[in-house]
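K.L.:
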Amino acid sequence: MIAPAAEAGWHIRIAAALVLSLIIVANLEGLRYLQFKWQVGIVWCELLFLALAFFNSFGLSYEFIWSRLPFLITQGAFTTIYISVAAIAISFFIALVGALAKLSRNGVAYGISTFYISFFRGTPLLLQVYLIYLGLPQLGFIVDAVPAGIAALSLCYGAYMAEIFRAGIEAIPAGQREAGRALGLRDGIIMRKITLPQAIKIVIPPTGNQFIAMLKDSSLVSVMGVWELMFLARTQGRSEFKHLEMLITAAVVYWLISIVFELIQARIERHYGKSSLR
0 MIAPAAEAGW
10 HIRIAAALVL
20 SLIIVANLEG
30 LRYLQFKWQV
40 GIVWCELLFL
50 ALAFFNSFGL
60 SYEFIWSRLP
70 FLITQGAFTT
80 IYISVAAIAI
90 SFFIALVGAL
100 AKLSRNGVAY
110 GISTFYISFF
120 RGTPLLLQVY
130 LIYLGLPQLG
140 FIVDAVPAGI
150 AALSLCYGAY
160 MAEIFRAGIE
170 AIPAGQREAG
180 RALGLRDGII
190 MRKITLPQAI
200 KIVIPPTGNQ
210 FIAMLKDSSL
220 VSVMGVWELM
230 FLARTQGRSE
240 FKHLEMLITA
250 AVVYWLISIV
260 FELIQARIER
270 HYGKSSLR
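Letter by letter, the sequence shown follows residues 0 to 277 in numbering that gives the first Met the number 0.
(1) Taking contact to mean at least 3 C-beta pairs separated by less than 8 Å, is the region 148 to 158 in contact with the region 71 to 89?
(2) Kindly give me the distance between the Cβ atoms of K101 and S112, rounded to whole angstroms, as I take these residues to be in contact under 8 Å.
(3) To the nearest angstrom, report how far apart L133 and A150 are at their CA atoms.
(4) Identify whether I141 lies in helix, strand or coil by the three-state DSSP scheme.
(5) By Cβ distance, which residues of its chain are closer than 8 Å to G224, with the 5 residues on each side in sequence left out?
(6) Using the three-state DSSP reduction, which class does Y129 fall into: helix, strand or coil?
(7) Once the 5 residues before and after L95 are set aside, which same chain residues still bring their CB inside 7 Å of it?
(8) For P196, which of helix, strand or coil comes out of DSSP?
(9) Counting Cβ pairs, one atom from each stretch, are 3 or more of them under 8 Å apart for the region 161 to 179 and the region 236 to 251?
(10) Beta carbon of L49, beta carbon of V252: below 8 Å?
(11) Identify, in the order they occur along the chain, each residue of the same chain with its Cβ nearer than 6 Å to the Cβ of A15, setting aside the five sequence neighbours on each side.
(12) Return the residue from the list L27, R67, R104 that minimises the CA-CA distance to T234.
(13) Can you list, in chain order, the residues of its chain whose CB lies under 6 Å from that of Q127, leaving out five sequence neighbours each side?
(14) State the DSSP-derived secondary structure class of F63, mapped to helix, strand or coil.
(15) For I267, report the span of its alpha helix (DSSP H) as first-last.
(16) Compare the beta carbon distance of I292 and F54 with 8 Å and say whether it is the shorter of the two.
(17) I need the DSSP call for F57, collapsed to helix, strand or coil.
(18) Indicate whether the contact test is met: 3 or more Cβ pairs, each with one atom in the region 211 to 222 and one in the region 74 to 83, closer than 8 Å.
(19) Just to confirm, are L228 and S257 a CB contact at a threshold of 8 Å?
(20) In terms of residue numbering, what span does the alpha helix (DSSP H) encompassing L71 cover?
(21) Under 8 Å between the Cβ atoms of R120 and Y61?
(22) Can you list, in chain order, the residues of its chain whose CB lies under 6 Å from that of G207, leaving out five sequence neighbours each side?
(23) Identify, in the order they occur along the chain, each residue of the same chain with its Cβ nearer than 7 Å to the Cβ of W65, setting aside the five sequence neighbours on each side.
(24) Using 10 angstroms around the beta-carbon of Y32, count the other beta-carbons present and answer buried if the total reaches 16, otherwise exposed.
(25) How many angstroms separate the CA atom of F140 from the CA atom of Q175?
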């Protein structure tokens, strides 16, 4: 037989589930009568409230979080953004060269680009970080932690972005290149003046996604002792055993940085999409 206390507990849970279901249904029904932008705003506010309530259930020490937050932002977040921006700029150049080499009819260029893309897409980023930071000194090249992290991120994401650039270039109709040749233009000018400007509009959305992914993967450079956001989040909470406070704070900071760059990406996409508007 079920004990009276256990049976009462089940009754309370069933009643709570029913009340919660009614609240959700009423909320969805109410949202149906609002405009799209109000629906989006209210849903965001509701989900944010639920996320904050979930974090608050952990019994976090907010005084500890506020005391460490300025250092996490000025040191950790700044280093994370610096590494990510430098890496995305370098990987953009690497990807363009890699894509053009893979589209080339030169066997040497094609072989080098395909080997590079295959290797850096086929091995873990953490392993690449170790190979550069610990492997190059074996050859006599001493590399500091930050340049090693930037190099690893650039080479890894350059390989992924090379395929994005290649697909964007190949998406431009071949007839436009043929028209350029018919006008007497050289292949280099056709690529620079005709193909690439149109391909940029295609590659910007996936490139922006790669940058946001790189922003999070930059936490892997913490294994080399770089004072980026994740490294500081782990070390700052260690002295007072406030690990959860710092990890949640780091997650929120990463999220806010990603939101900022998502907005920047959206503006860039709108800028390059103006030519498609009729």
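Where a beta carbon is used, it is the ideal one built from N, C-alpha and C, also for glycine.
P.N.:
Put simply:
(1) Yes, the region 148 to 158 is in contact with the region 71 to 89.
(2) Reading the sequence shown from its first residue, position 102 is the one you call residue 101. Reading the sequence shown from its first residue, position 113 is the one you call residue 112. Cβ atoms of K101 and S112 come within 8 Å of each other, at about 4 Å.
(3) The residue given as residue 133 occupies position 134 in the sequence shown. The residue given as residue 150 occupies position 151 in the sequence shown. Distance between the alpha carbons of L133 and A150 is about 13 Å.
(4) The sequence position of residue 141 within the sequence shown is 142, counting from 1. Reduced to three states, the DSSP call for I141 is coil.
(5) As a working mapping, residue 224 is identified with position 225 in the sequence shown. Taking G224 as the centre and dropping the five residues before and after it, the same chain places the C-beta of A144, F230 closer than 8 Å to its C-beta, in chain order.
(6) For the purposes of this step, residue 129 is taken as residue 130 along the sequence shown, with counting starting at 1. The answer is helix: DSSP assigns Y129 an H, G or I state.
(7) Within the sequence shown, numbered from 1, the residue matching residue 95 stands at position 96. Cβ neighbours of L95 beyond the five flanking positions: F164.
(8) Here residue 196 corresponds to residue number 197 of the sequence shown, with the count starting at 1. Assignment of P196 by DSSP, reduced to helix, strand and coil, places it in the helix class.
(9) no
(10) If you number the sequence shown from 1, residue 49 lands on position 50. If you number the sequence shown from 1, residue 252 lands on position 253. No, Cβ-Cβ distance for L49 and V252 is not below 8 Å.
(11) Residue 15 sits at position 16 when you count from the first residue of the sequence shown. Once the five neighbours on either side are set aside, A15 has no close Cβ partner at all.
(12) For the purposes of this step, residue 234 is identified with residue 235 of the sequence shown, where counting begins at 1. Answer by Cα proximity: R67.
(13) What you label residue 127 is simply residue 128 of the sequence shown in a count that begins at 1. Here the set comprises A151, C155.
(14) As a first step, residue 63 must be located in the sequence shown, where it is residue number 64. DSSP, reduced to helix, strand and coil, places F63 within a helical segment of the structure shown.
(15) Numbered from its first residue, the sequence shown carries residue 267 at position 268. Where I267 is concerned, the enclosing alpha helix (DSSP H) stretches over 242 to 271.
(16) No statement about residue 292 is possible, as the shown extent of the chain runs from 0 to 277 and does not include it.
(17) Stepping through the sequence shown from its first residue, residue 57 is reached at position 58. Coil.
(18) yes
(19) Counting from 1 along the sequence shown, the entry for residue 228 is found at position 229. Counting from 1 along the sequence shown, the entry for residue 257 is found at position 258. No, the Cβ-Cβ distance between L228 and S257 is not below 8 Å.
(20) For the purposes of this step, residue 71 is taken as residue 72 along the sequence shown, with counting starting at 1. Per DSSP, L71 belongs to no alpha helix (DSSP H) and is neither H nor E.
(21) Position 121 of the sequence shown, counted from the start, is the residue given in the question as residue 120. Position 62 of the sequence shown, counted from the start, is the residue given in the question as residue 61. No, the pair does not count as a contact, with Cβ atoms beyond the cut-off.
(22) The residue you call residue 207 lines up with position 208 of the sequence shown. The residues are Q264.
(23) Taking the first residue of the sequence shown as 1, we reach residue 65 at position 66. Result list for W65: empty, nothing under 7 Å.
(24) Taking the sequence shown and counting its residues from 1, the one referred to as residue 32 is at position 33. Per the 10 Å Cβ criterion, exposed.
(25) As a first step, residue 140 is located in the sequence shown; it is residue number 141 there, counting from the start. As a first step, residue 175 is located in the sequence shown; it is residue number 176 there, counting from the start. Cα to Cα, F140 sits roughly 46 Å from Q175.
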